[in-house]
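Residue numbers 225 to 489, in our numbering, belong to the letters of the sequence shown in order. Just so you know, even glycine gets a beta-carbon here, dropped at the ideal spot from N, CA and C.
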Amino acid sequence: MTELPQWGLSLGAPTPGASFSDLLESLGLAPEWKVPASPTRELHAPEGTTVLASRYRDGVIIGGDRQATEGHLIAHRRIRKVYPSDRMSAVAVAGTAGLALEMVRLFSVELEHYEKIEGSMLSLEGKANFLARLVRAQLPLAFQGLAVVPLFAGYDRRADLGRVYTFDVVGGRYEEHDYGAAGSGAVQARAYLRTAWRPQMSEDQIIERVMGALVAAADVDVATGGPDLRRGILPNLVVIDRGGVREISDDRLTEVATTSMREGR
225 MTELPQWGLS LGAPTPGASF SDLLESLGLA PEWKVPASPT RELHAPEGTT
275 VLASRYRDGV IIGGDRQATE GHLIAHRRIR KVYPSDRMSA VAVAGTAGLA
325 LEMVRLFSVE LEHYEKIEGS MLSLEGKANF LARLVRAQLP LAFQGLAVVP
375 LFAGYDRRAD LGRVYTFDVV GGRYEEHDYG AAGSGAVQAR AYLRTAWRPQ
425 MSEDQIIERV MGALVAAADV DVATGGPDLR RGILPNLVVI DRGGVREISD
475 DRLTEVATTS MREGR
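Next up, the structure:
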């Protein structure tokens, strides 16, 4: 029987045998991505732009715009950037869209595999640590300009609060005390939240603030797609509280987006 490698126990990562990626690697089935050191032509892969997450009184919210760009062109107007990773957490992705979606799928499978093998859910910090490992595995592609930068948010049942984690392209993982953002409009989104965010905000208040941050980012950053009420294109916003992951309805998003755009905030 092939032994699975020992890794990462001190960092809260899955125990040996509970990692789906390690299982694939031990069987020689791990996916491999190879990019020529000197590509013959410039590669323009669709890229997701702005995502952000924030804590609030009862949990955490995570969201993103719907636009993907390809060079100076709009590649997709309705791409989804926010995905539940399990029933108590969600991940949002910015960067190379195809690689980002593969990372999200693998991350979700990893968490499901761990829970089936161990009989319990991985801790929120353990999930963030494992996502950092997936980001680090993409480092050779990041050097080729195909970077993926996720945001991770979830509800920590042990601590009874929501948590937000940001990452960098080399796999660094950082817990944010209030809010975090990634992508081309991240600077503008953080600047908005820096003045609008308050401790102990309600769910309705944080939805309004996050929508306002996305509108503000789209107003300055051409790669970020703001709400398009004519086409019915709205950001994806997901809240996570004691009851688990819950997506905000389109009716509520339309109401908040209309107010944010009218007030220019």
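Here the C-alpha atom of K340 lies approximately 30 angstroms from the C-alpha atom of S278. Pairwise C-beta distances place the segment 343 to 350 out of contact with the segment 282 to 302, as fewer than three of them are shorter than 8 angstroms.
For V372, the enclosing beta strand (DSSP E) starts and ends at V372 to D380. With 16 or more neighbouring CB atoms inside 10 Å of its own CB, R387 falls in the buried class. Around the beta carbon of I285, 16 or more other beta carbons sit within 10 angstroms, so the residue counts as buried. A contact is defined here as three or more CB-CB pairs under 8 angstroms, and the segment 438 to 445 fails this definition with respect to the segment 353 to 369.
Here the alpha carbon of A413 sits roughly 26 angstroms from the alpha carbon of R466.
A Cβ-Cβ distance of about 26 angstroms is found for the pair K351 and S408, leaving them out of contact under the 8 angstroms criterion. According to DSSP, residue pairing for E339 in a beta bridge does not occur.
From the listed residues T448, R470 and D428, the smallest Cα separation to E479 is found for D428. For P308, the uninterrupted beta strand (DSSP E) segment begins and ends at V306 to D310. Of the other Cβ atoms in all chains shown, 16 or more fall within 10 Å of the Cβ of F391; this residue is therefore buried. By a beta-carbon distance limit of 8 angstroms, R433 does not contact L453. Their separation comes to about 19 angstroms. Per DSSP, L458 lies in no alpha helix (DSSP H) segment and is marked neither H nor E.
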